[in-house]
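Novice: Below is a structure I'd like to ask you about.
Protein chains: 2
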Amino acid sequence: MRVSDIGEFALIDRLAKIVSSEHPSVLVGIGDDTAVLEGGGEMLLLATVDAQVETVHFLREAITPQQLGRRALAVNLSDIAAMGGRGSVALVSLVLPRETEVAWLEHLYQGLREEAERWGVVVVGGNMARAPEHAVIDVCVLGWISRDELLLRAGARPGDLVLVTGTLGEAAAGLRLLQRADQAPASTVLLARLLTPTPRLPEAAVIAKSKRATAMIDLSDGLSSDLLHICQESRVGVRLWAERLPVTAAVQEVAHQCGETALDLALGGGEDFELCFTAPADTAETLARTVYDETGTPVTIIGEVLPQAAGHTLVLPGGEETVLKAKGWEHFKRNL
Amino acid sequence: MRVSDIGEFALIDRLAKIVSSEHPSVLVGIGDDTAVLEGGGEMLLLATVDAQVETVHFLREAITPQQLGRRALAVNLSDIAAMGGRGSVALVSLVLPRETEVAWLEHLYQGLREEAERWGVVVVGGNMARAPEHAVIDVCVLGWISRDELLLRAGARPGDLVLVTGTLGEAAAGLRLLQRADQAPASTVLLARLLTPTPRLPEAAVIAKSKRATAMIDLSDGLSSDLLHICQESRVGVRLWAERLPVTAAVQEVAHQCGETALDLALGGGEDFELCFTAPADTAETLARTVYDETGTPVTIIGEVLPQAAGHTLVLPGGEETVLKAKGWEHFKRNL
């Protein structure tokens, strides 16, 4: 049996059974995007790692090294934001072919520095090794969060509402444009969403400090997959209103051009790096407004949490209900 | 200019100028094997990352997945030991081809678990991504150390003696055997030194707690390279006595068979993962004996620290003096 036969998530389950991460100092171990660890004091230590693999995550002709450096750090910071935390330091593990241009690498580091300075993160080291062929940029980020502000995937309760920051499907639309080499000026925003995503750290801080949210995740695989992770960990069901999903006209246009729907891109596109979170119905509106007031990022209520037995439902624009299925990115499966 | 033109160390210098790791919370940043960070209390946080790259660090036909799992964690723990610290948690970033056998991966994780349990380390998460071709096992280890026990490369002073744990050149001898496919029964120890190195964590703890050592490093690249790192960071010279280097008969035999000298393997072989450290002359003997008494690992005095102006000298067995040069492993240079 090969890893492509069972896919990423089944694989993680199997491996997590071999190395148990149960330990008094480990609050969240294998299976989440970020590990949460006792740090000795009131602050908890967050640790996450994410790799950018050449030909899988990036093509040298499609992204500048500076953008790649920003992206490699940003996707990790998004995992820190998912817990409500702030990033502190980054370690960068480079696996590089001998032919790599020094100038390319220096631009990569300029991108890393830009993104690090933007969020007050310090690059404190890493490792360098030779690659036989393709480059891998593996970044590990450590961060901190107050114990009483930590947000996990578990914690959503029936009666809560589901909220999402920003807009959905833009990164996926950017990818479609890139694949079609359609470089219309109007696509700048979509391409930027794909190539240099913005981790929602200020938004996460407001949400965490409010102590009103009950669960949170960042949207890396795609809304459908990621929201179902919250449902699984919280042991709840969900009803998602397709009509309420925040989708821009630009995404609708690209979807139309590609023979897809904006709903497909919003649910399954992935890499938007928005935050999806839940909060009790009576505070959700206020919380959404607070995030907008303090960060300028709109927050939309897109669904409601149900008891687990109610299952996972997607209400289509016409009112018809269908089962919400995970359509997001999964490594190893042939979904590229 | 390509990375192969300037090599690993010049490259690190260039990149360290781009991303400054100067920050009040960062005690040791880029350039060392392990970052040392403020953790909020009396304990300092240690963070290190090291990758095992297929075809560069390992060949699937030469190492079992279980050995590879042990090795991937052990080499990181050796970096933690180099500061006198103890390992706490590990994150594992896997970049894997689709054809990877699930059984191979499960054996890798069994190796990770074995090594983790041996040292009281918990695997708390990581990441999984698809590789176009070759696997990369990238491990990040976090550890802790008391502020007053931290050992760095800087700190050696003229008049100190140079000490080393265990024996030298065995991993290099094991590599020679592997390359010659000479599987004589006598080689088991040498192969184990290469494939499943032992991080010197208990020895590091004794050395750190003694508060007598002045500088320390682990021998990953090779004694000559690594000792010269101590000299550079401490701004001192050194005189190394070739005759005193702890080399076993097995290493001498392999060196002889390969037309090399045991001295070559001891100085330049690398991957022994022993600890090299310095201590004032009047306490070095006692410290060496204490480490042996408490861990069973012999410690040998192999040289003396000199003022920087005295340079770096290797005293050959006949008494002749020569310049000590870095002969250790360097990525990107054509030294494979």
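First to last, the protein sequences are chains E and R. Just so you know, we're using this note's numbering here: the first sequence kicks off at 1 and counts up by one. Just so you know, we're using this note's numbering here: the second sequence kicks off at 1001 and counts up by one. Even for Gly, the Cβ is constructed at its ideal location relative to N, Cα and C.
1) Taking its Cβ as the centre, do 16 or more other Cβ atoms sit within 10 Å of residue 171/E, making it buried, or is it exposed?
2) Check distances from the C-beta atoms of the stretch 125-155 of chain E to those of chain R and list, in chain order, the residues that come in under 7 Å.
3) Run through the DSSP bridge pairs and tell me what residue 1218/R is partnered with.
4) Does any residue of chain A bring its CB to less than 9 Å from the CB of residue 59/E?
5) Are any of the Cβ atoms in chain R nearer than 9 Å to that of residue 196/E?
6) In chain order, what residues of the same chain have a beta carbon less than 8 Å from the beta carbon of residue 67/E, not counting five sequence neighbours either side?
7) Report the start-end ranges of each beta strand (DSSP E) in the stretch 130-184 of chain E that is 3 residues or longer and not cut off at the edges.
8) Would residue 1293/R and residue 1081/R be called neighbours here (beta carbons separated by less than 9 Å)?
9) List, in chain order, every chain E residue whose beta-carbon is nearer than 7 Å to that of residue 1110/R.
10) In angstroms with no decimal places, state the Cα-to-Cα distance between residue 1177/R and residue 1243/R.
11) Give a yes or no on whether the minimum CB-CB distance between residue 1334/R and chain E is below 9 Å.
12) What did DSSP end up calling residue 213/E once you bin it into helix, strand or coil?
13) With a cut-off of 9 Å, does the C-beta of residue 1175/R fall near any C-beta of chain E?
14) Are the stretch 156-172 of chain E and the stretch 262-278 of chain E in contact at 8 Å, needing three or more beta carbon pairs?
15) Chain E beta carbons: is any one of them nearer than 9 Å to that of residue 1248/R?
16) Looking at residue 35/E: is its Cβ nearer than 9 Å to the Cβ of residue 47/E?
17) Report buried or exposed for residue 307/E, applying the criterion of at least 16 other Cβ atoms within 10 angstroms of its Cβ.
18) Leaving out the 5 sequence neighbours to the left and right, which residues in its chain are closer than 6 Å to residue 193/E when beta-carbon positions are compared?
19) Please report the distance separating the alpha-carbon of residue 1058/R from that of residue 1069/R.
20) If you compare alpha carbons, which of 129/E, 228/E and 229/E is closest to residue 1009/R?
21) Quick check on DSSP: helix, strand or coil for residue 1048/R?
22) Just to confirm before moving on: does the CB-CB distance between residue 87/E and residue 141/E stay below 9 Å?
23) Judging by CA-CA distance, which residue of 125/E, 300/E and 305/E is the nearest neighbour of residue 235/E?
24) Starting from the beta carbon of residue 2/E, find every residue of chain R whose beta carbon is closer than 8 Å, and list them in chain order.
25) How is residue 23/E classed by DSSP in three states: helix, strand or coil?
26) Using the C-alpha atoms, what's the distance from residue 1020/R back to residue 205/E?
27) Can you tell me whether residue 302/E is helix, strand or coil according to DSSP?
Specialist: By the coordinates alone:
1) Locating residue 171/E in the first sequence gives position 171, counting from the first residue. Answer is buried; the Cβ neighbour count reaches 16.
2) 125, 126, 127, 128, 129, 130, 131, 132, 133, 134, 136, 138, 140 and 142
3) The residue labelled residue 1218/R in the question sits at position 218 within the second sequence. Bridge partners of residue 1218/R: 1275/R.
4) Here chain A cannot be found, since the structure's protein chains are E and R.
5) Taking the first sequence and counting its residues from 1, the one referred to as residue 196/E is at position 196. So, not an interface residue.
6) Looking up residue 67/E in the first sequence gives position 67. Counting only Cβ-Cβ distances below 8 Å, and skipping sequence neighbours, we find 111, 195 and 196.
7) Runs of the beta strand (DSSP E) inside the stretch 130-184 of chain E: 136-146 and 160-165.
8) Your numbering for residue 1293/R matches position 293 in the second sequence. Your numbering for residue 1081/R matches position 81 in the second sequence. No, they are not a contact pair.
9) Walking along the second sequence from the start, residue 1110/R turns up at place 110. Chain E residues near residue 1110/R: 18.
10) What you label residue 1177/R is simply residue 177 of the second sequence in a count that begins at 1. What you label residue 1243/R is simply residue 243 of the second sequence in a count that begins at 1. Spanning the two alpha carbons is a distance of roughly 24 Å.
11) Locating residue 1334/R in the second sequence gives position 334, where the first residue counts as 1. Here residue 1334/R scores only 47 on pLDDT, less than 50, and its place in the model should not be relied on; the value that follows carries that caveat. Chain E, which has a Cβ nearer than 9 Å to the Cβ of residue 1334/R, makes this yes.
12) Along the first sequence, one-based indexing puts residue 213/E at 213. If DSSP states are grouped into helix, strand and coil, residue 213/E belongs with coil.
13) Translated into positions along the second sequence, residue 1175/R becomes position 175. Chain E, which has no Cβ nearer than 9 Å to the Cβ of residue 1175/R, makes this no.
14) yes
15) Mapped onto the second sequence, residue 1248/R falls at position 248. Cβ-Cβ to chain E under 9 Å: no for residue 1248/R.
16) As a first step, residue 35/E must be located in the first sequence, where it is residue number 35. As a first step, residue 47/E must be located in the first sequence, where it is residue number 47. Taking 9 Å as the Cβ cut-off, residue 35/E and residue 47/E qualify as a contacting pair.
17) Along the first sequence, one-based indexing puts residue 307/E at 307. By the 10 Å Cβ count, residue 307/E comes out exposed.
18) Start at 1 with the first residue of the first sequence, and residue 193/E comes out as number 193. Excluding sequence neighbours, residue 193/E sits near 170, 171 and 174.
19) As a working note, residue 1058/R is residue 58 in the second sequence. As a working note, residue 1069/R is residue 69 in the second sequence. Each residue's alpha carbon lies about 11 Å from the other.
20) Taking the second sequence and counting its residues from 1, the one referred to as residue 1009/R is at position 9. Minimum Cα distance to residue 1009/R is reached at 129/E.
21) As a working mapping, residue 1048/R is identified with position 48 in the second sequence. In this structure, residue 1048/R counts as strand in the three-state DSSP scheme.
22) Along the first sequence, one-based indexing puts residue 87/E at 87. Along the first sequence, one-based indexing puts residue 141/E at 141. In contact: residue 87/E and residue 141/E (Cβ atoms closer than 9 Å).
23) Here residue 235/E refers to the residue found at position 235 when the first sequence is read from its first residue. Comparing Cα positions, the closest option is 305/E.
24) In the first sequence, residue 2/E corresponds to position 2, counting from 1. Correct list: 1098, 1099, 1100, 1101 and 1102.
25) Taking the first sequence and counting its residues from 1, the one referred to as residue 23/E is at position 23. Annotated three-state conformation of residue 23/E is coil, per DSSP.
26) The residue given as residue 205/E occupies position 205 in the first sequence. The residue given as residue 1020/R occupies position 20 in the second sequence. The alpha-carbon atoms of residue 205/E and residue 1020/R are separated by roughly 26 Å.
27) To locate residue 302/E, count along the first sequence from 1; it is residue 302. Of the three classes helix, strand and coil, the one that applies to residue 302/E here is strand, per DSSP.
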